[in-house]
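Okay, so the sequence shown: first residue is 1 according to full-length UniProt numbering, each after it adds one. Where is the CB? At the ideal position from N, CA and C, for every residue including glycine.
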Amino acid sequence: MAAGKGVKLYGMWASPAVRRVEWALKKKGIKYEYIEEDLSNKSFELLQYNPITKQVPVLVHDGKPVMESLVILEYIDEVWKGNPILPKDAYERAKAQFWASFSEDKCRDAVRKVYFAEEEDTKMKAIEHLMEIIRVIDQELKGKKFFGGESIGYLDLVFGWMAFWLGIAEEVASFKVVDSKKFPNFTSWINNFINDPLIRGNLPPRDKTLEFFRNFRKLHLASCK
Numbered sequence: 001m002a003a004g005k006g007v008k009l010y011g012m013w014a015s016p017a018v019r020r021v022e023w024a025l026k027k028k029g030i031k032y033e034y035i036e037e038d039l040s041n042k043s044f045e046l047l048q049y050n051p052i053t054k055q056v057p058v059l060v061h062d063g064k065p066v067m068e069s070l071v072i073l074e075y076i077d078e079v080w081k082g083n084p085i086l087p088k089d090a091y092e093r094a095k096a097q098f099w100a101s102f103s104e105d106k107c108r109d110a111v112r113k114v115y116f117a118e119e120e121d122t123k124m125k126a127i128e129h130l131m132e133i134i135r136v137i138d139q140e141l142k143g144k145k146f147f148g149g150e151s152i153g154y155l156d157l158v159f160g161w162m163a164f165w166l167g168i169a170e171e172v173a174s175f176k177v178v179d180s181k182k183f184p185n186f187t188s189w190i191n192n193f194i195n196d197p198l199i200r201g202n203l204p205p206r207d208k209t210l211e212f213f214r215n216f217r218k219l220h221l222a223s224c225k
């Protein structure tokens, strides 16, 4: 197992962005120290390492901080060569980076609009848009076990938040978009991803996560009134 000298990860247990970094570290076999942050009372170290956004995750390697989960994934893959995450081929790598941007921009925004919608008409339109987004992903996954083929790779780690946290969002905000009949490839990928030993043993407790995001949604909606 790689020594991972001086590797620390500042995170928060319910964050999907933090989990994707942990999945990458574990896939690579990198030893690291995990520091749980209270985001309502951020530590001096977190603010020192990430004074700009003051957010997690922050990976600290030999005293040098790396911020933003997608940047961290690429950094990990570049520094520790074993068990590669990103495709080696330049074109395939570019495609993976495009889909990563799609996940972070289009997918997250679509889920957020449904999650925080209060008016029924607004919510239904947001659900329709989200389903169109999922349909695009479903087509990309056609004939594949994982995004990169037969094993978990970069895009699986990137889209992993949809495999677990989308179901949490559905339950908290009372909507349903994950449908095995409409999106067979997407739902098959979710099952493959969630049941992979790497992922299954490194997910937050579902009940605790539901409670956290229920409270998060209530606080956000209250602050908007």
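- With distances taken between CA atoms, F147 lies nearest to A100 out of A100, E170 and Q55.
- If you draw a straight line from the Cα of K8 to the Cα of E22, it comes to about 11 Å.
- Sequence-distant Cβ neighbours of K145 in its own chain, meaning closer than 6 Å and more than five residues away, are N192.
- For I35, the enclosing beta strand (DSSP E) begins and ends at E33 to E36.
- Of L86, D38 and L47, the smallest CA-CA separation from S15 is found for D38.
- Contact between E36 and G11 holds, with the beta-carbon distance rounding to 7 Å and staying under 8 Å.
- Taking E33 as the centre and dropping the five residues before and after it, the same chain places the C-beta of K8 closer than 6 Å to its C-beta, in chain order.
- Rounded to the nearest whole angstrom, the CA to CA distance from Y49 to Q55 is 10 Å.
- Around the beta carbon of V71, a 10 Å sphere encloses fewer than 16 other beta carbons of the protein chains shown; the residue is thus reported as exposed.
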